[in-house]
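Q: The structure under discussion is supplied below as structure tokens; questions concerning it will follow.
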Amino acid sequence: MKFQVLFRLLVLAVFPVFLSGCYYAIPTIVEAVNQNRIQNESEGAILESNTGALKLIAQNDTLATDKMNAYIQGYNSIMVGSWSLWPSYHTFINHTLKSKPADTIPFPVVNDLEKGIAFMKKGLACDQATIPGLDEAITESVAAAEKLRRDEQTSLPYFQNQIYRRDNMAGARQVFPILQEDYEKLIAAMNRTGKLLADMQKTETERRMAAYRAQKSMIGYHTEKSLLHAQELIALFNRPENSVSRPENYIEGDRLIAEMEKALQTQRKILDDVYPLRDRSGGLDAINDSLTEMSECYRKMKKKKTARSFNRMMKRYSDAIGNYNRSLKFTRPL
């Protein structure tokens, strides 16, 4: 039945509209939906994921590392960004489902979903290295992601060509439950995957901190320490629709921010002492800058207690992780 519904939507959508013998091109609005959504949102926080972006592991030429990094890249592709899984689901639930035939209906498409599937499949293909529990969670995530990808791509022309105006939403009413189930299954699968990956990331970060301390490489130590506290801060507020308004959360939040800022100040001082003439446009300085901005966003969130301030804090954290991941190519294995 589900396949019949999606097939009918596709058949309807492929035929152009003719008015008075002339071809009438209905403009696509899907790509423009996200431009000002976060700034104008009133329903609550747009959560990227329960973890934020995840750090890659420095290459050490082992299959297990290659496998983990493929999984992490797949997770980040699907779960991080303004057009990732959670924001797309948020738009679908709060806007698409509530639309009327006369509306210009926003139809969200998860950005980089196909890319994320490819990365996770690449990790699964490294079958000489197994990670019990995580491999199974990734397999479940791939199946759910492929299902959503198929259904959103089949449904997309129906909304792009605004067929819902001509069939009075008949096709939309049939496909909405299918897409909602797809979203919820993928979110559940990715949340399980993210929890496993985040726990492994914390263990890896603590291992790297110990190795840096043993080598008296304190720049690396304080970089990892600041990112660990930032990750813990994101985890503390990972239910922002409720958590940003709870005063008790800011007691622990203040402690984490203080520890993170102390690590950042120490890292910056060592960098300035050892490499005063360095290029400050990327690398460790970019990580420091993003986390410093994250700290500023935290203070605004504490004052305003709004979803928007949480979104901005999450964005700065993801920026820091992105800078960290880009710098790994210059980092020797520990």
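Numbering (my numbering), first residue to last: 109 to 442.
Just so it is clear, CB atoms sit at the ideal spot from N, CA and C, and this is done for glycine as well.
It should be emphasised that the depicted structure is a prediction, and the values quoted were computed from it without experimental measurement.
1. Which term fits Gly241, buried or exposed, when burial requires 16 or more other beta carbons within 10 angstroms of its beta carbon?
2. Could you spell out where the alpha helix (DSSP H) holding Thr247 opens and where it closes?
3. Under 8 Å, with one C-beta from each stretch per pair, do the segment 324 to 340 and the segment 296 to 315 reach the 3-pair mark?
4. Closest by CA to Tyr183, which one among Thr159, Leu171 and Lys206?
5. Alpha carbon to alpha carbon, how far is Leu392 from Ser435? Give it in angstroms, no decimals.
6. Output needed for Ala252: all residues of its chain with C-beta closer than 6 Å, excluding positions within five of it in sequence on either side, in chain order.
7. Quick check: the Cα distance between Glu289 and Arg316, rounded to an integer number of angstroms?
8. Going along the chain, which residues of its own chain have a beta-carbon closer than 6 Å to the beta-carbon of Leu164, five neighbours each way excluded?
9. Nearest-angstrom Cα distance between Gly328 and Asp381?
10. For Lys408, tell me which candidate among Ser417, Arg321 and Glu401 has the shortest Cα-Cα distance.
11. When the Cα of Lys223 is compared with those of Glu248, Ile186, Trp194 and His198, which residue comes out closest?
12. State whether the segment 347 to 367 contacts the segment 394 to 401, with contact taken as three or more CB pairs (one from each stretch) at a distance under 8 Å.
13. So Met277 and Pro216 are in contact, right, with Cβ under 8 Å, and what is the actual spacing, rounded?
14. Are Tyr272 and Ile213 close, meaning C-beta to C-beta below 9 Å?
15. Can you give me the C-alpha to C-alpha distance between Leu364 and Gly279, rounded to a whole angstrom?
16. Could you give the distance in angstroms between the alpha-carbon of Lys259 and the alpha-carbon of Ser351?
17. Going by CA-CA distance only, name the one from Ser249, Asp211, Lys206 and Gln236 that's closest to Phe227.
18. Between which two residues does the alpha helix (DSSP H) carrying His198 extend?
19. Out of Gln236, Arg376 and Ala415, point me to the one whose CA is closest to Phe345's CA.
20. Using three-state DSSP, classify Asp454 as helix, strand or coil.
21. Below 8 Å, how does it come out for the segment 416 to 431 and the segment 361 to 379: are there three or more Cβ pairs, yes or no?
22. Tell me the residue span of the alpha helix (DSSP H) that contains Thr439.
23. Return helix, strand or coil for Asp427, following the three-state DSSP convention.
24. Could you give the distance in angstroms between the alpha-carbon of Leu162 and the alpha-carbon of Thr199?
25. Quick check on the burial criterion: 16 or more other C-beta atoms within 10 angstroms. Buried or exposed for Leu372?
26. Answer with buried or exposed for Thr204, where buried requires no fewer than 16 other C-beta atoms within 10 angstroms of its C-beta.
27. Spell out whether any CB of chain C is found under 9 Å from the CB atom of Met422.
28. Going by the CB atoms, is the gap between Leu221 and Leu193 shorter than 9 Å?
29. Does DSSP put Thr238 in a helix, a strand or coil?
30. Which of the three DSSP states, helix, strand or coil, is assigned to Ile213?
31. Within 10 Å of its beta-carbon, does Asp387 have 16 or more other beta-carbons around it, so buried, or fewer, so exposed?
A: Walking through what the data contain:
1. Working through the sequence shown from its first residue, we reach residue 241 at position 133. By the 10 Å Cβ count, Gly241 comes out exposed.
2. In the sequence shown, counting from the first residue as 1, residue 247 sits at position 139. It spans Leu242 to Gln268 - the alpha helix (DSSP H) in which Thr247 sits, taken as one unbroken run.
3. yes
4. Within the sequence shown, residue 183 is the residue found at index 75, counting from 1. It is Thr159 whose Cα lies nearest to the Cα of Tyr183.
5. Position 327 of the sequence shown, counting from 1, holds the residue named residue 435. Position 284 of the sequence shown, counting from 1, holds the residue named residue 392. Looking at the two C-alpha atoms, the distance is approximately 8 Å.
6. Within the sequence shown, the letter at position 144 stands for residue 252. Excluding sequence neighbours, Ala252 sits near Lys293, Leu294 and Ala297.
7. Numbered from 1 along the sequence shown, position 181 holds the residue referred to as residue 289. Numbered from 1 along the sequence shown, position 208 holds the residue referred to as residue 316. Between Glu289 and Arg316, the C-alpha separation is close to 40 Å.
8. Locating residue 164 in the sequence shown gives position 56, counting from the first residue. Here the set comprises Asn177, Ile180, Asn433 and Leu436.
9. On the sequence shown, position 220 is the one that residue 328 refers to. On the sequence shown, position 273 is the one that residue 381 refers to. One C-alpha to the other measures close to 15 Å.
10. Locating residue 408 in the sequence shown gives position 300, counting from the first residue. Checked all of Ser417, Arg321 and Glu401; the closest Cα to Lys408 is Ser417.
11. By one-based count along the sequence shown, residue 223 stands at place 115. Ranking the options by Cα distance to Lys223, first place goes to Ile186.
12. no
13. Position 169 of the sequence shown, counted from the start, is the residue given in the question as residue 277. Position 108 of the sequence shown, counted from the start, is the residue given in the question as residue 216. That pair is no contact at about 17 Å.
14. Within the sequence shown, residue 272 is the residue found at index 164, counting from 1. Within the sequence shown, residue 213 is the residue found at index 105, counting from 1. It is a contact, given that the beta carbons lie within the stated cut-off.
15. In the sequence shown, the residue the question calls residue 364 occupies position 256. In the sequence shown, the residue the question calls residue 279 occupies position 171. So the two alpha carbons sit approximately 50 Å from each other.
16. As a working note, residue 259 is residue 151 in the sequence shown. As a working note, residue 351 is residue 243 in the sequence shown. The amino acid occupying residue 259 in the given sequence is Asp; Lys does not appear at that position. Computed Cα separation, rounded: 33 Å.
17. Position 119 of the sequence shown, counting from 1, holds the residue named residue 227. Among Ser249, Asp211, Lys206 and Gln236, the Cα nearest to that of Phe227 is on Ser249.
18. By one-based count along the sequence shown, residue 198 stands at place 90. Leu193 to Thr199 is the span of the alpha helix (DSSP H), which, as asked, contains His198.
19. By one-based count along the sequence shown, residue 345 stands at place 237. The shortest C-alpha separation from Phe345 is found at Ala415.
20. The question about residue 454 has no answer, for the chain in this structure spans 109 to 442.
21. no
22. Within the sequence shown, numbered from 1, the residue matching residue 439 stands at position 331. First-last for Thr439: undefined, no H or E at that position.
23. On the sequence shown, residue 427 is found 319 positions in, with the first residue counted as 1. Three-state result, Asp427: helix.
24. The residue labelled residue 162 in the question sits at position 54 within the sequence shown. The residue labelled residue 199 in the question sits at position 91 within the sequence shown. Cα-Cα distance, rounded: 24 Å.
25. Here residue 372 corresponds to residue number 264 of the sequence shown, with the count starting at 1. Flag for Leu372 reads buried.
26. As a working note, residue 204 is residue 96 in the sequence shown. Burial call: buried.
27. Protein chain content of the structure displayed is limited to a single chain, and chain C is not contained in it.
28. Looking up residue 193 in the sequence shown gives position 85. Looking up residue 221 in the sequence shown gives position 113. Yes, the pair counts as a contact, with Cβ atoms nearer than the cut-off.
29. As a position in the sequence shown, residue 238 is number 130, starting the count at 1. Coil at Thr238, not helix or strand.
30. Walking along the sequence shown from the start, residue 213 turns up at place 105. Residue state, collapsed to three classes: coil.
31. Translated into positions along the sequence shown, residue 387 becomes position 279. Exposed: under 16 other Cβ atoms inside 10 Å.
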